[in-house]
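Colleague: This is the structure I want to talk about, given as structure tokens.
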């Protein structure tokens, strides 16, 4: 792994880590009222395009980071729809 | 601009767009209680490393998207500290 890739992986770890508290808070409190489903779909679309971009550029840090981010946000989307339905908000 | 760069720019527009509602909501409601300052600092650190990574790779979409994201999140950090101080939460 060269210097550039190490920087990319570290960047990815930081940005991915910043996603986790929101997911943990949502699951713990079983509350997704503060989450916009539309914005989550926009974000997931963007991240999926970044994964595609990473493959086009054969760029490991971009692929790895954005696949992880997609997984976290898809999980957040699942739980936010689940809790909103349970509360009759959807 | 080649095909790859177009995909990168579109991806960047989506991910950047998904940041704006949080900023607008925080400023409109003058409330940052739902925002973790520590996580915002972690996110800004990660995004800044992505900007650096973009320069290392001379990758326009990565540089442009992450500079925009940094600006949005730095603005969010400014307002969240401001409102938390006003409410004595900081």
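Residue numbers (the numbering used here), protein chains in the order written: chain A, 32 to 121; chain B, 32 to 121. For each residue, glycine too, the CB sits at the ideal point set by N, CA and C. Since this is a predicted model, take the numbers as computed values, not measurements.
1. With distances taken Cα to Cα, identify the nearest neighbour of residue 67(A) among 78(B), 48(B) and 72(B).
2. Between residue 57(A) and residue 107(A), which are expected to be in contact by the criterion C-beta below 8 Å, what is the C-beta distance as a whole number of angstroms?
3. Short of 7 Å Cβ to Cβ, which residues in the stretch 68-79 of chain B face chain A?
4. What residue does the alpha helix (DSSP H) around residue 35(B) start on, and which one ends it?
5. Please state if the CB of residue 63(A) and the CB of residue 100(A) are separated by a distance shorter than 8 Å.
6. Name, please, each residue of chain B whose Cβ falls closer than 9 Å to the Cβ of residue 102(A).
7. Applying the criterion that 16 or more other CB atoms from any shown protein chain within 10 Å of the CB defines a buried residue, is residue 33(B) buried or exposed?
8. Can you list, in chain order, the residues of the stretch 34-52 of chain A whose Cβ is nearer than 7 Å to any Cβ on chain B?
9. Given a cut-off of 8 Å on the beta-carbon distance, is the pair residue 70(B) and residue 52(A) in contact?
Modeller: From the atom records:
1. Against the first chain, residue 67(A) aligns to sequence position 36. If we check each option's Cα against that of residue 67(A), 48(B) comes out closest.
2. By one-based count along the first chain, residue 57(A) stands at place 26. By one-based count along the first chain, residue 107(A) stands at place 76. Residue 57(A) to residue 107(A), Cβ: 6 Å. Contact.
3. 70, 73, 74, 76, 77 and 78
4. Along the second chain, read from residue 1 onward, the residue named residue 35(B) stands at position 4. It spans 34-48 - the alpha helix (DSSP H) in which residue 35(B) sits, taken as one unbroken run.
5. For the purposes of this step, residue 100(A) is taken as residue 69 along the first chain, with counting starting at 1. For the purposes of this step, residue 63(A) is taken as residue 32 along the first chain, with counting starting at 1. Not in contact: residue 100(A) and residue 63(A) (Cβ atoms no closer than 8 Å).
6. On the first chain, residue 102(A) is found 71 positions in, with the first residue counted as 1. Near residue 102(A) there are no residues of chain B at all, since even the closest Cβ is about 16 Å away, more than 9 Å.
7. Residue mapping note: residue 33(B) aligns to position 2 of the second chain, counting from 1. It is exposed - the Cβ of residue 33(B) has fewer than 16 other Cβ atoms within 10 Å.
8. 35, 38, 39, 41, 42, 45, 46, 48, 49 and 52
9. Residue numbering aside, residue 70(B) sits at position 39 when the second chain is read from its first letter. Residue numbering aside, residue 52(A) sits at position 21 when the first chain is read from its first letter. Yes, the Cβ-Cβ distance between residue 70(B) and residue 52(A) is below 8 Å.
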